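Visitor: Taking our numbering, the leading residue of the sequence shown gets 1, the next gets one more, and so forth.
Okay, here's the structure, questions in a sec.
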Amino acid sequence: MQGEIAVLTIDNPPVNAGSHAVRKGIVEGIQAAHAAGASGAVLIGAGRCFVAGSDLREFGKPLVWPELPDVIAALEQAPFPVVAALHGVALGGGLELSLGCDYRIAAPDTEVGLPEVSLGFVPGAGGTQRLPRLVGRALAIDLICRAARIPATRAHDIGLVDALAEGDLLEAAIAFLKERRPKRIARNLTPPNEPDEAIEAAAAAALRRGKGRPNVAEAIRLVKASAGDAQAALADERAVFQKLRLSADAVALRYLFFAERKAASIDGLDMSAARAVTSVAVIGGGTMGQGIVRTFLAAGLPVVLIERDEAALAASMEKIAANLAEQVRKGRLDTETADARKAALSGAVDYSALSGCDLVIEAVFEEMSVKKDVLSRLEAVLSPEAIIATNTSYLDIDEMAAELARPERVLGLHFFSPADIMKLLEVVRAGATSDAVLATGLKLARKLGKQPVVARVGEGFIGNRIYAAYRRRAELLVLDGASPQAVDAAATSFGFAMGPFAVSDMSGLDIAWAMRKRQAATRDPKARYVTIPDRLCEAGRLGRKTGKGWYDYASGKAQPDPEVADLIEAARAESGVTARGFDTQTIQRQLLAAIVNEAACLLDEGVAQRASDVDVALTNGYGFPRWRGGPLYWAYQQDRAALRADLDALAEAVGPGRRTGPVDRILDQIEIPQEG
Ligand code: NAD
């Protein structure tokens, strides 16, 4: 007690996850405050944050009293007002708990949000009812369905947080509470009036983004119902939550949640060996270099950009500045932040500008000789402790680092395009990479807001290697009789963000063409080879950038093109193939079989550490549907005999030169968190 105010502190390190013990403690705390004659109570978190969310480990099992709605009922029955004092994060059940209080006061750097939809269910303790009563239904639909995390300053602007606390949070909360009466959001408030069109527009956008997943539709329905009777809607919300938390989507997404946490670590690696990274440099300001610079600047790190000459440097710096201006124009960035980022960037052509950098990442041309030259020049100017990272997509990092005096300082940091948007970061552990350097890479990934996955050196590491096998299977399906649009449609109806041919057109067919030319001399002459993409490139059809590729883009949209159909027919005739039909399911299962087989090969070789890491890579970097948990999780759910039949069909279609992965053995090693 502080005077007449009871202070209830949630203390469940590291992030105050809302476990059974925490829920029980709050109910008991409220009862004790009542017994002590308190005139108000503050609910506050100890340590890093208020409450980072409910404890997901409890979600696959029957929930034990008191559940979160019981805790909120106890708060609402108290004869005094309760204020939630937020700092760090208040997410999911944590934010719902605070919405069950009468008021919320937050430290300015707090982040709040309801991420439940991204985990396959809906907020289940009043989030869909109390949030719209404070911020309106259209905005509530948007925030809940995007699983958005917003800063407290914005939460204050929209009425979700009542006050921002400068200085001591507890003192501010007590002072705030002294002048308040109970408010009881669900009982006493109704959502503000809004035009129906605004609500419908938010709902339509959310459904589109949510790819029609059932929990998105339910979240929208529940928020709309907040205009009616609160008690009925709260009961409805709880019933939907109870059903959806055990749905296939939710179980898969929970698996992925734990897989992502595991992927950011290596068993036995001492993370405390990680070095501080306070100033970085990027060598090469092309497509990737610019994106990497933007990523570092967004994380608040000063960056030096090096290009090969003044003209190239000026062009890169201009593009980065233009991108920042564009972000401001679109309202994604305020002018002050954009100016601060611009000020944190400097450019140079001379490597002497790098002497104070802790970490340098090269993103120059994908040429071994160019990379080697850059690395040796770096070693000459950097301090012995400074780390050198390469963004190479395919090259052998061991070879790249072999001639350096300190190869242990080199690792791969493989970003995906666009680097500031894509979540995945492959952290490549080369043969000589030291533990401290690896730990630094993993810690840096988190600082940059990326999802790290550790890979060993090997052609295409994890993601690109699997993707190459998938694309090859897609091309063979076309050679054997499917149309590119049928293959793309099968992939998107499975849930991929885009089909393989639409992706090729977007990224440009010439990159893979150059690689095939490089590999021509070493290719197994007996292996089946699909000439169609070569013919497309020879005809100048390099994808979207030339207006034509697998599709024609003259109308602005991807349209099938008779010229491509003729090229495909000619390739079939040339290879002596008689076209046959493939149904959607066969196409999907063959694409999946190719992914699963290649994943098993690279796991067998030790390129990836764990099966779940492959799932993390494919869902975070390659548009694999998250709600399916990833390709190996998907395979694990399948009937094993049916999967084996798919793998046999794959082996037959790929023909000579194929590699067969130990799929059964790999799937037996998958760890699925205990459910039910
Ligand atoms: P890019 O051609 O757009 O850019 C390369 C830049 O490096 C150019 O601006 C060039 O002027 C500069 N450069 C070349 N030699 C240099 C040197 N010695 N010193 C300083 N600057 C130099 O290429 P990109 O697409 O940005 O690819 C860069 C690297 O990133 C490659 O290794 C590539 O494999 C890898 N990568 C590319 C992608 C992608 O989608 N484009 C994705 C992941 C990784």
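All C-beta atoms, glycine included, are put in the ideal place defined by N, C-alpha and C.
Predicted, not measured: the structure shown is a model, and the values here were computed from it.
So which of Asp646, Ala455, His20 and Ala380 has the shortest CA-CA distance to Leu411?
Guide: Locating residue 411 in the sequence shown gives position 411, where the first residue counts as 1. If we check each option's Cα against that of Leu411, Ala455 comes out closest.
Visitor: Just to confirm my understanding: we take Asp524, look at its own chain, exclude 5 residues before and 5 after, and list those with CB closer than 8 Å. What are they?
Guide: As a first step, residue 524 must be located in the sequence shown, where it is residue number 524. Closer than 8 Å at the Cβ level, and outside the excluded window around Asp524, lie Pro656 and Gly657.
Visitor: Thinking just about the alpha-carbon of each residue, which of Leu592, Arg149, Gly460 and Ile388 is nearest to the one in Ala281?
Guide: The residue given as residue 281 occupies position 281 in the sequence shown. It is Ile388.
Visitor: Using the three-state DSSP reduction, which class does His20 fall into: helix, strand or coil?
Guide: The residue given as residue 20 occupies position 20 in the sequence shown. It is helical.
Visitor: Taking its Cβ as the centre, do 16 or more other Cβ atoms sit within 10 Å of Arg57, making it buried, or is it exposed?
Guide: Here residue 57 refers to the residue found at position 57 of the sequence shown. Classification for Arg57: exposed.
Visitor: To the nearest angstrom, report how far apart Gly676 and Phe59 are at their CA atoms.
Guide: Along the sequence shown, read from residue 1 onward, the residue named residue 676 stands at position 676. Along the sequence shown, read from residue 1 onward, the residue named residue 59 stands at position 59. Summary for Gly676: the model assigns pLDDT 48, below 50, so the residue's position carries little reliability, and this model does not support an answer.
Visitor: Which residue from Ala401, Val374, Tyr553 and Ala653 puts its Cα closest to that of Ala469?
Guide: Along the sequence shown, read from residue 1 onward, the residue named residue 469 stands at position 469. Closest by alpha carbon: Ala653.
Visitor: Less than 8 Å between the CB atoms is what I'm expecting for Ile44 and Ala173, so what's the real figure, rounded?
Guide: Within the sequence shown, residue 44 is the residue found at index 44, counting from 1. Within the sequence shown, residue 173 is the residue found at index 173, counting from 1. Yes, Ile44 and Ala173 are in contact; Cβ-Cβ is about 7 Å, under 8 Å.
Visitor: For Ile595, list the residues DSSP reports as bridge partners.
Guide: Mapped onto the sequence shown, residue 595 falls at position 595. In the DSSP output, where bridge partners are listed per residue, Ile595 has none listed.
Visitor: Nearest-angstrom Cα distance between Arg23 and Asp102?
Guide: Taking the sequence shown and counting its residues from 1, one reaches residue 23 at position 23. Taking the sequence shown and counting its residues from 1, one reaches residue 102 at position 102. For Arg23 and Asp102, the distance between alpha carbons rounds to 18 Å.
Visitor: To test your reading of the DSSP string, which unbroken beta strand (DSSP E) runs of 3 or more residues are found completely within the stretch 355–394?
Guide: You should have 359–362 and 387–390.
Visitor: Roughly how many angstroms separate the alpha carbons of Leu375 and Glu403, rounded to a whole number?
Guide: Translated into positions along the sequence shown, residue 375 becomes position 375. Translated into positions along the sequence shown, residue 403 becomes position 403. Their backbone Cα atoms lie some 9 Å apart in a straight line.
Visitor: Hey, would you say the C-beta of Gly286 is under 6 Å away from at least one heavy atom of ligand 1?
Guide: Within the sequence shown, numbered from 1, the residue matching residue 286 stands at position 286. Because some heavy atom of ligand 1 lies under 6 Å away, the Cβ of Gly286 counts as near it: yes.
Visitor: If distances are taken between C-alpha atoms only, which option among Ala338, Ala74, Ala106 and Trp65 comes closest to Val161?
Guide: For the purposes of this step, residue 161 is taken as residue 161 along the sequence shown, with counting starting at 1. Checked all of Ala338, Ala74, Ala106 and Trp65; the closest Cα to Val161 is Ala106.
Visitor: Could I get the ranges of all uninterrupted beta strand (DSSP E) runs contained in the stretch 31–56, with 3 residues as the minimum, in chain order?
Guide: Listed in chain order, they are 40–45.
Visitor: Since Val663 and Asn597 should fall inside the 8 Å C-beta cutoff, what is the C-beta to C-beta distance between them, to a whole number of angstroms?
Guide: Locating residue 663 in the sequence shown gives position 663, counting from the first residue. Locating residue 597 in the sequence shown gives position 597, counting from the first residue. Contact holds; Cβ gap of about 6 Å.
Visitor: Compute the minimum distance between the beta carbon of Ala312 and the heavy atoms of ligand 1, and state whether it is under 6 Å.
Guide: Stepping through the sequence shown from its first residue, residue 312 is reached at position 312. Yes.
Visitor: DSSP on Gly676, reduced to helix/strand/coil?
Guide: Along the sequence shown, read from residue 1 onward, the residue named residue 676 stands at position 676. Because the pLDDT of Gly676 is 48, which lies under 50, any placement of that residue in the model is unreliable, and the number read from its coordinates should be weighed accordingly. In the structure shown, Gly676 sits in coil (DSSP, three-state: anything other than H, G, I, E or B).
Visitor: Is it the case that the Cβ atoms of Ala436 and Ala273 are separated by a distance below 7 Å?
Guide: Here residue 436 is taken as the residue at index 436 of the sequence shown, counted from 1. Here residue 273 is taken as the residue at index 273 of the sequence shown, counted from 1. For Ala436 and Ala273, yes; Cβs fall inside 7 Å.
Visitor: In angstroms, rounded to a whole number, what distance separates the CA positions of Ile462 and Ala490?
Guide: Taking the first residue of the sequence shown as 1, we reach residue 462 at position 462. Taking the first residue of the sequence shown as 1, we reach residue 490 at position 490. Roughly 24 Å separates the two Cα atoms.
Visitor: Can you tell me whether Ser226 is helix, strand or coil according to DSSP?
Guide: If you number the sequence shown from 1, residue 226 lands on position 226. Looking at Ser226 - three-state DSSP - the assignment turns out to be helix.
Visitor: May I ask you to check if the CB of Phe461 is nearer than 6 Å to at least one heavy atom of ligand 1?
Guide: The count along the sequence shown starts at 1 and reaches residue 461 at position 461. Checking the Cβ of Phe461 against ligand 1 gives no.
Visitor: Under a three-way DSSP split, which group does Cys415 fall into?
Guide: Here residue 415 refers to the residue found at position 415 of the sequence shown. The sequence given here places Phe at residue 415; Cys does not occur at that position. Strand at Phe415.
Visitor: Only counting the same chain, and skipping five residues up and downstream in sequence, which positions put a Cβ closer than 7 Å to that of Gln669?
Guide: What you label residue 669 is simply residue 669 of the sequence shown in a count that begins at 1. The answer, listed in chain order, is Ala611.
Visitor: Would you mind giving the Cβ-Cβ distance between Ala386 and Arg409, rounded to the nearest angstrom? I have them listed as a contact below 8 Å.
Guide: For this step, residue 386 is matched to residue 386 along the sequence shown. For this step, residue 409 is matched to residue 409 along the sequence shown. Indeed they touch by this definition, with Cβ atoms about 7 Å apart.
Visitor: Measuring straight from C-alpha to C-alpha, what distance separates Asp70 and Ala147?
Guide: Here the question's residue 70 lines up with position 70 in the sequence shown. Here the question's residue 147 lines up with position 147 in the sequence shown. Roughly 24 Å separates the two Cα atoms.
Visitor: Give the straight-line distance between the Cα atoms of Gly677 and Leu413, rounded to the nearest whole angstrom.
Guide: A query on residue 677 cannot be resolved here, the shown segment of the chain reaching from 1 to 676 and no further.
Visitor: What distance in whole Å lies between the Cβ atoms of Leu354 and Leu382, which are believed to be in contact at a cut-off of 8 Å?
Guide: For this step, residue 382 is matched to residue 382 along the sequence shown. For this step, residue 354 is matched to residue 354 along the sequence shown. Contact flag correct, Cβ pair sits at about 6 Å.
Visitor: Tell me whether the beta-carbon of Val112 lies closer than 7 Å to the beta-carbon of Leu95.
Guide: Locating residue 112 in the sequence shown gives position 112, where the first residue counts as 1. Locating residue 95 in the sequence shown gives position 95, where the first residue counts as 1. Going by C-beta atoms, Val112 is nearer than 7 Å to Leu95.
Visitor: Would you check whether ligand 1 has a heavy atom nearer than 6 Å to the C-beta of Val364?
Guide: Position 364 of the sequence shown, counted from the first residue, corresponds to residue 364. Checking the Cβ of Val364 against ligand 1 gives yes.
Visitor: Where does Arg429 fall in DSSP's three states?
Guide: For the purposes of this step, residue 429 is identified with residue 429 of the sequence shown, where counting begins at 1. Three-state result, Arg429: strand.
Visitor: On the premise that Gly53 lies in contact with Ala17, defined as a C-beta separation below 8 Å, what is that separation, rounded to the nearest angstrom?
Guide: Reading the sequence shown from its first residue, position 17 is the one you call residue 17. Reading the sequence shown from its first residue, position 53 is the one you call residue 53. Their Cβ separation, rounded to whole angstroms, is 6 Å, which keeps Ala17 and Gly53 in contact under 8 Å.
Visitor: Tell me the start and end of each unbroken alpha helix (DSSP H) in the stretch 163–229 that is at least 4 residues and wholly inside, in chain order.
Guide: Counting whole runs of 4 or more residues, the stretch 163–229 contains the alpha helix (DSSP H) stretches 169–178, 185–188, 196–209 and 214–224.
Visitor: Would you tell me roughly how many angstroms separate the C-alpha atoms of Ile672 and Ile532, rounded to the nearest one?
Guide: As a working note, residue 672 is residue 672 in the sequence shown. As a working note, residue 532 is residue 532 in the sequence shown. One C-alpha to the other measures close to 41 Å.
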